[in-house]
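Asks: Sharing a structure here in structure tokens format.
Residue numbers (this note's numbering), protein chains in the order written: chain B, 1 to 521; chain R, 1 to 231.
Structural data, given as structure tokens:
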């Protein structure tokens, strides 16, 4: 069936031409003698022109010859015979044939040019389309996907793309046909590697290794080769025309620059990350080494003093030195606890042990924790009559509140007032801690929750810049948030917002859980 | 009773901590025995028959939890466990499986000595006295009467039960589970644990001067409560 079809498409031009000439002959042999023979001869030029425009040069030559024969046999005496009585007709035949040949070749060339122009337009559109798509893609895999789809579609062939890995070894990264194993064998890899190292196209259609069934083109921009695009030509060598080779080159160039762009973006990102982690490391080292060395110096100094000059010190002096040692160690302990918490929060190791927590209780524990260093600051607690229960990890929430309140103490003068306020609205519970300290510039309130950030105004107070970052981590673990702003007239307010569910019924004790008649005795 | 002179066994793999405990406890007139491994600890516990054990939960050979279980198999000797800060879970498990109290490293020696005293005292006064006196708070267990500053305080049965458990363990930590189990029975559910908080809140409102800064019923975050006698 397919054979018939292809034969038909090949020969249909000749069939049409033959039919047309038979028609013309039949028509004019009927009324032919009323026309001049020259006019009939001109009519026979029509099928030549027609086939030249429609089917190209061969069918038009065919129609010229057949037309000439028909004219000779049916319209030139002696009729129904190929011989010509009047030899002058031979000149007419010659003119006829040359006119036919000339028009046929002109028309055919025109047609071919049209065809080429159309093909070029298709190629240009395809290239434009591809470049437009690629400039939007940053991810290297979808990029390769796109390239291979385009190439395999426009060439009608199977392709494979090789890219170098971290150690600059070429590996097969992408195939247009995932079911085929072309491109995986050692011989194909060796040729691809050759193209990669040689920096020039090898394989079929080139001067190097022209016997291989593949065409291996390096994907290069100026000065750098990003990979190799291999084309499987097996059994299709003759189908590729020069236009397609040019198309392939253009596509390869596009792919190379797109890969270059993706690679550069990746490198820029890595460079940025490296710089960021470098900055972080410096900050950690500065902060931690300072925070560790200062108390260590105090501890070592006091302890050696006590050991070496035992008799020199009065018992008050000795006590003083011992207290210095204790305080230094406690300070180091706080740092270690903070560092560990930060690591746990960042690594996602922390599992929340959620329980219902009594807000009043949380604040009570917090106050007892800061009692030792609040000195004469007044703690003012504002709490609703029936404070809600909050679902969370008691230990972490307490650590968060202690951090916030400790900060308030640290950055506010002695004898000032610190207010811890709890309030609720429909969906959340708000803790706010306000102090009357120095306060910060407005733009700094966003940064104070960043790791190792120390506000400019507080440089003279020791600290690591970890406390509030931990608070932020804990608040976010509880699906809440933390923020800071200026307190009026002076100081800072830190507010933690935690989501509350079912807060209405939490204060009620259902009948069922009461032990017996649980009224006041 | 005078708890001085009591034999205390220290099970800890850190020589520095052992040395520190030994020096301090000896200064407080206790007789100190040491074990550096869990196995040795279990062995010494049966040989020395200590009156109290200080047990580090992070031992190199067998886990502190196993040491605890093996000693509890045959002995009711008070055991105080030592844990690191980041092992909150361990404390609860240890307390619920028979440890009497816990200390989080690093700790102050004064506090450890106080805990040791409390634990030894509870052994000595195993029979509950009918009337407990804590400063201006009096609890008459025989008549179920609670008086604050000489005035009677009205408590619900649940509140009274909680107060009774906490006060008869005064100075010692009582875990949430122990309270729930003793007051609500063994079939309580975890989700009911917030009622416990509500009752504790009520108790504080009735007994504390300032319920946001409790001095009598102190919360041990994540663990439970501790009744602090005011003396």
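From the three backbone atoms N, C-alpha and C, an ideal C-beta is built for every residue, glycine too. Keep in mind that this is a model prediction, so the values were computed, not measured.
Distance cutoff 8 Å, beta carbons only. Does residue 365 of chain B sit that close to anything in chain R?
Replies: Closer than 8 Å: yes.
Asks: Assign residue 5 of chain B to one of two classes, buried (16 or more other C-beta atoms within 10 Å of its C-beta) or exposed (fewer than that).
Replies: Residue 5 of chain B is exposed by the Cβ-count criterion.
Asks: Could you please tell me which residues of the segment 194-217 of chain R, in chain order, have their CB closer than 7 Å to any CB of chain B?
Replies: Within the segment 194-217 of chain R, the residues whose Cβ lies closer than 7 Å to some Cβ of chain B are 194, 195, 197, 198, 201, 211, 212, 213 and 214, listed in chain order.
Asks: Between B:475, B:281, B:380 and B:99, which lies nearest to residue 352 of chain B when the distance is taken from Cα to Cα?
Replies: Among B:475, B:281, B:380 and B:99, the Cα nearest to that of residue 352 of chain B is on B:475.
Asks: With a threshold of 7 Å on Cβ separation, who are the neighbours of residue 25 of chain R within its own chain once the five nearest residues in sequence on each side are excluded?
Replies: Contacts found: 8 and 32.
Asks: Only counting the same chain, and skipping five residues up and downstream in sequence, which positions put a Cβ closer than 8 Å to that of residue 180 of chain R?
Replies: The answer, listed in chain order, is 188, 192, 193 and 196.
Asks: Does the Cβ of residue 115 of chain B have 16 or more other Cβ atoms within 10 Å, making it buried, or fewer, making it exposed?
Replies: Per the 10 Å Cβ criterion, exposed.
Asks: So, with DSSP's three-state summary, where would you put residue 103 of chain R?
Replies: Residue 103 of chain R: strand per DSSP, three-state reduction.
Asks: Please identify the residue among B:477, B:259 and B:307 whose C-alpha is closest to the C-alpha of residue 136 of chain B.
Replies: Out of B:477, B:259 and B:307, B:259 has the C-alpha closest to the C-alpha of residue 136 of chain B.
Asks: For residue 493 of chain B, list the residues DSSP reports as bridge partners.
Replies: Answer by DSSP bridge pairing, in chain order: B:434 and B:485.
Asks: Spatial neighbours of residue 175 of chain R within its chain, please: CB distance less than 7 Å, with the 5 preceding and 5 following residues excluded, ordered by chain position.
Replies: Result list for residue 175 of chain R: 92, 95, 96, 223 and 224, in chain order.
Asks: Please confirm whether residue 404 of chain B and residue 494 of chain B have their CB atoms less than 8 Å apart.
Replies: For residue 404 of chain B and residue 494 of chain B, yes; Cβs fall inside 8 Å.
Asks: Contact between the segment 323-335 of chain B and the segment 291-304 of chain B: three or more CB pairs below 8 Å?
Replies: Verdict: yes, contact present.
Asks: Using only the alpha-carbon positions, how far apart do residue 72 of chain B and residue 54 of chain B sit?
Replies: Going from the Cα of residue 72 of chain B to the Cα of residue 54 of chain B covers about 26 Å.
Asks: Look at the alpha carbon of residue 412 of chain B and the alpha carbon of residue 330 of chain B, and state the distance between them as a whole number of angstroms.
Replies: Their Cα atoms are separated by approximately 21 Å.
Asks: Counting Cβ pairs, one atom from each stretch, are 3 or more of them under 8 Å apart for the segment 118-125 of chain B and the segment 189-206 of chain B?
Replies: Counting Cβ pairs under 8 Å, fewer than three are found: no touch.
Asks: What residue ranges within the segment 1-69 of chain R form continuous alpha helix (DSSP H) runs of no fewer than 4 residues, ordered along the chain?
Replies: DSSP runs (the alpha helix (DSSP H)) wholly in the segment 1-69 of chain R: 15-27 and 38-48.
Asks: Are there 16 or more other CB atoms within 10 angstroms of the CB of residue 76 of chain R, so buried, or fewer, so exposed?
Replies: Label assigned to residue 76 of chain R: exposed.
Asks: Is the CB-CB distance between residue 22 of chain R and residue 11 of chain R below 8 Å?
Replies: It is not a contact, given that the beta carbons lie outside the stated cut-off.
Asks: Could you tell me the alpha carbon to alpha carbon distance between residue 420 of chain B and residue 433 of chain B, rounded to whole angstroms?
Replies: Taking the straight line from one Cα to the other gives about 5 Å.
Asks: Is the segment 148-160 of chain R touching the segment 211-223 of chain R in the sense that three or more CB pairs, one from each, lie closer than 8 Å?
Replies: No: fewer than three Cβ pairs fall under 8 Å.
Asks: Any idea if residue 190 of chain B is buried or exposed, counting beta-carbon neighbours within 10 angstroms, 16 or more meaning buried?
Replies: It is exposed - the Cβ of residue 190 of chain B has fewer than 16 other Cβ atoms within 10 Å.
Asks: Which of helix, strand or coil does DSSP assign to residue 517 of chain B?
Replies: Interpretation of residue 517 of chain B is limited by its pLDDT of 45, a score under 50 that renders its predicted location unreliable; no figure is taken from the coordinates.
Asks: Which of the three DSSP states is assigned to residue 219 of chain R in this structure?
Replies: Residue state, collapsed to three classes: strand.
Asks: Determine the chain B residues that contact residue 130 of chain R at a beta-carbon separation under 8 Å, and present them in chain order.
Replies: The premise fails here: residue 130 of chain R is roughly 18 Å from chain B at the closest Cβ pair, so nothing lies under 8 Å.
Asks: I need the DSSP call for residue 415 of chain B, collapsed to helix, strand or coil.
Replies: Here residue 415 of chain B sits in coil by DSSP.
Asks: Does the pairing of the segment 107-124 of chain R with the segment 164-173 of chain R give three or more beta-carbon distances under 8 Å?
Replies: Cβ pair count under 8 Å is three or more, so yes.
Asks: For residue 62 of chain B, which option in B:46, B:360 and B:76 has the closest C-alpha, if you only look at C-alpha atoms?
Replies: Of the listed residues, the one whose Cα sits closest to residue 62 of chain B is B:46.
Asks: To the nearest angstrom, how far is it from the Cα of residue 212 of chain B to the Cα of residue 254 of chain B?
Replies: Going by the C-alpha atoms only, they are around 25 Å apart.
Asks: Quick check on the burial criterion: 16 or more other C-beta atoms within 10 angstroms. Buried or exposed for residue 168 of chain B?
Replies: Under this definition residue 168 of chain B is an exposed residue.
Asks: Output the distance between the C-alpha atoms of residue 461 of chain B and residue 410 of chain B, rounded to the nearest integer angstrom.
Replies: Approximately 8 Å, taken between the alpha carbons.
Asks: According to DSSP, simplified to helix, strand and coil, what is residue 379 of chain B?
Replies: If DSSP states are grouped into helix, strand and coil, residue 379 of chain B belongs with the strands.
Asks: Count the other CB atoms, across all protein chains shown, that sit within 10 Å of the CB of residue 3 of chain B; report buried if there are 16 or more and exposed otherwise.
Replies: Looking at its Cβ environment, which holds fewer than 16 other Cβ atoms inside 10 Å, residue 3 of chain B is exposed.
Asks: CA-CA distance, residue 204 of chain R and residue 156 of chain R?
Replies: Going from the Cα of residue 204 of chain R to the Cα of residue 156 of chain R covers about 13 Å.
Asks: Using a Cβ-Cβ distance cut-off of 8 Å, determine whether residue 78 of chain R contacts chain B.
Replies: It does not: the Cβ of residue 78 of chain R has no partner Cβ on chain B nearer than 8 Å.
Asks: Closest Cβ-Cβ distance between residue 2 of chain R and chain B: below 8 Å?
Replies: Caution applies to residue 2 of chain R, whose pLDDT of 44 falls short of 50 and renders its modelled position unreliable; the value that the coordinates give is listed next. With 8 Å as the cut-off, residue 2 of chain R does not count as an interface residue toward chain B.
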